[in-house]
Amino acid sequence: MKIKANKILVIATRRIGDVLLVTPLLRSLRNAYPNAQIDMLVYKNTAAILEGNPDYNNLIPVSERPKFKEYQSLFKQIFRRYDLAISTLASDRPIIYAILAAAKRIAIVPPQRWQDAWKRLMVQAWTELDDKNTHTIIQNLRLADLLEIARSYEVVTPQLPDSIQRLDKLLPFAWQKQAFAVLHLAPMYHYKRWTINGWQQIAKYLTQAGLRVVLTGGTAKEEIAYINNALVKMPDSVLNLAGKLRFSEVSELIRASKIYIGPDTAVTHLAAATSVPTIALFGPTNPLKWAPWPYNYALDKTPFDFKGTKKVANVVLLQGKGICVPCHQEGCEQHRQSSSRCLEEIDSATVIKWIETLGR
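Numbering (this note's numbering), first residue to last: 317 to 676.
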């Protein structure tokens with residue numbers, strides 16, 4: 317279904333990592349509509365992952381739970397302002413936003429249920445959500461297929477012109493010449509965490525191997541506390557930059573590093589996209605749907621398997637063991653502050669073997 321469009325709205329109101337995984341679709345749209353105005357509707361707390369992205373024109377940030385006045389303002393911004401609206405989500409609000417924004421709209425929709433039938437009726441074309449076997453990037457690119465435009469598989473990392481200068485000021489060593497590793501210890505939710513002891517052993521090994529270790533992280537109090545706890549038994553040379561970097565600087569930092577190691581988090585997706593050797597520590601999360609997308613991988617096939625550790629291009633997905641893995645649940649107790657045995661039982665020796673393999 318070819319659509320002529322001068323103004324396009326892409327709706328991606330989900331978490332930071334999800335927004336990053338929309339960037340291949342965004343690049344596909346920019347390539348197909350080079351002169352169009354392409355705007356992004358995202359949550360306020362996820363907008364930073366699109367810093368400096370050249371493929372969109374305007375960012376429309378919205379709260380996760382807008383109040384009445386914010387809804388009023390948003391509707392004025394988008395109501396019938398676009399030729400085409402694209403919902404990358406199958407939930408109610410994103411599709412309603414698309415209906416309000418344009419007369420022509422396409423969307424990801426839920427599997428057929430009577431209560432969701434209206435979603436298929438209100439869009440000109442749709443692709444059905446597969447929440448188990450189809451990678452999120454491939455799912456998003458099926459929207460490009462609906463428009464009969466060429467796919468781009470490139471995950472576009474955030475980029476700002478002053479990132480290198482800012483890193484020069486923050487880093488007390490010649491980071492563009494000296495070998496170093498980047499570790500991202502703390503994901504947003506507890507159930508995706510590895511162990512503090514494991515991180516400490518990896519930091520010691522990397523330091524002994526001659527690499528400076530740099531830690532990245534967010535600003536949340538719990539995340540800062542976790543990192544500080546890990547630092548107690550790490551080498552003194554380990555540099556903690558948690559809470560001090562924008563995503564564009566994190567991207568530049570990882571790109572200059574020798575290796576990145578992190579859990580299932582947006583920064584690990586970012587690392588995979590930089591082409592740097594990346595070790596992703598996975599437990600409950602389904603790799604078919606959420607594995608980091610390897611650099612230059614451009615196939616209509618999910619890169620990793622449902623079970624097992626595997627290397628594809630620059631990415632090693634190191635999966636915890638257990639007959640229940642991956643359960644696709646929020647930890648063993650099925651809540652975000654739960655622990656996950658499959659992650660906690662990954663030993664540092666296994667991670668070190670993969671570090672050595674990637675360094676050959």
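The beta-carbon is built from N, C-alpha and C at its ideal position, and this holds for glycine as well.
Rounded C-beta distance between residue i and residue j? I'm assuming under 8 Å.
{"i": "G636", "j": "G599", "result": "5 Å"}
{"i": "G647", "j": "Y507", "result": "3 Å"}
{"i": "L597", "j": "W510", "result": "5 Å"}
{"i": "D616", "j": "I454", "result": "6 Å"}
{"i": "T404", "j": "Y359", "result": "Contact doesn't hold; Cβ gap of about 13 Å is too wide."}
{"i": "L459", "j": "L501", "result": "The Cβ separation is near 35 Å, so there is no contact."}
{"i": "T666", "j": "T450", "result": "In fact, because the Cβ distance is near 29 Å, the residues do not count as touching under 8 Å."}
{"i": "F620", "j": "A607", "result": "4 Å"}
I'd like to check one pair, residue j with residue i: are the Cβ atoms closer than 9 Å?
{"i": "Q524", "j": "A546", "result": "no"}
{"i": "V326", "j": "Y387", "result": "no"}
{"i": "V439", "j": "D432", "result": "no"}
{"i": "A417", "j": "A441", "result": "no"}
{"i": "H644", "j": "N612", "result": "no"}
{"i": "K605", "j": "T452", "result": "yes"}
{"i": "L457", "j": "L341", "result": "yes"}
{"i": "N630", "j": "V583", "result": "no"}
{"i": "A558", "j": "E539", "result": "yes"}
{"i": "F563", "j": "I376", "result": "no"}
{"i": "T581", "j": "P503", "result": "yes"}
{"i": "L586", "j": "I570", "result": "yes"}
{"i": "Y413", "j": "L499", "result": "no"}
{"i": "T347", "j": "S468", "result": "For the sequence presented, residue 347 should be read as Asn rather than Thr. Against a cut-off of 9 Å, the Cβ pair of S468 and N347 comes out as a contact."}
{"i": "L634", "j": "I595", "result": "yes"}
{"i": "I662", "j": "Y521", "result": "no"}
{"i": "V471", "j": "L337", "result": "yes"}
{"i": "D399", "j": "N374", "result": "no"}
Under the DSSP definition of a beta bridge, which residues are partnered with residue i?
{"i": "T404", "result": "Its beta-bridge partners do not exist; DSSP assigns none."}
{"i": "V358", "result": "P377"}
{"i": "N556", "result": "L531"}
{"i": "W695", "result": "Beyond the ends of the chain as shown, which are 317 and 676, falls residue 695; an answer cannot be given."}
{"i": "H585", "result": "None; H585 has no bridge partner."}
{"i": "W442", "result": "A423"}
{"i": "K626", "result": "L633"}
{"i": "A596", "result": "G578 and L633"}
{"i": "H500", "result": "T532"}
{"i": "Y398", "result": "A418"}
{"i": "I327", "result": "L357 and S403"}
Considering only the alpha carbon of each residue, which of the options lies closest to residue i?
{"i": "T362", "options": "I324, W670 and G534", "result": "G534"}
{"i": "V566", "options": "P426, I543 and T590", "result": "T590"}
{"i": "V335", "options": "N322, N369, P350 and S664", "result": "N369"}
{"i": "K323", "options": "L345, E444 and L390", "result": "L345"}
{"i": "A406", "options": "R381, F395, F391 and K435", "result": "K435"}
{"i": "D478", "options": "T339, E661, E367 and I639", "result": "E367"}
{"i": "T473", "options": "Q494, K626, G333 and L531", "result": "G333"}
{"i": "K627", "options": "W609, R657 and W430", "result": "W609"}
{"i": "K493", "options": "R331, L527 and P579", "result": "L527"}
{"i": "D484", "options": "P551, E568, D621 and Q393", "result": "E568"}
{"i": "K578", "options": "A536, I639 and V529", "result": "This sequence places Gly at residue 578; Lys is not what is there. Out of A536, I639 and V529, V529 has the C-alpha closest to the C-alpha of G578."}
{"i": "W461", "options": "T443, R397, D447 and A614", "result": "Correcting the residue identity first, residue 461 is Asp in this sequence and not Trp. That would be T443, whose Cα lies nearest to the Cα of D461."}
{"i": "P410", "options": "S553, V378, R482 and R429", "result": "V378"}
{"i": "S664", "options": "L445, M550, G514 and D355", "result": "G514"}
Does the beta-carbon of residue i have 16 or more other beta-carbons within 10 angstroms, so that it is buried, or is it exposed?
{"i": "V548", "result": "exposed"}
{"i": "I422", "result": "buried"}
{"i": "T673", "result": "exposed"}
{"i": "S389", "result": "exposed"}
{"i": "H651", "result": "exposed"}
{"i": "E464", "result": "exposed"}
{"i": "F384", "result": "exposed"}
{"i": "Q653", "result": "exposed"}
{"i": "S573", "result": "buried"}
{"i": "E380", "result": "exposed"}
{"i": "M317", "result": "exposed"}
{"i": "P427", "result": "exposed"}
{"i": "A490", "result": "exposed"}
{"i": "K420", "result": "buried"}
{"i": "L284", "result": "Because the chain spans 317 through 676 in this model, residue 284 falls outside it and cannot be assessed."}
{"i": "R343", "result": "buried"}
Please confirm if residue i has its CB atom under 9 Å from at least one CB of chain B.
{"i": "L390", "result": "The question asks about chain B, but that chain is absent: this structure has only one protein chain."}
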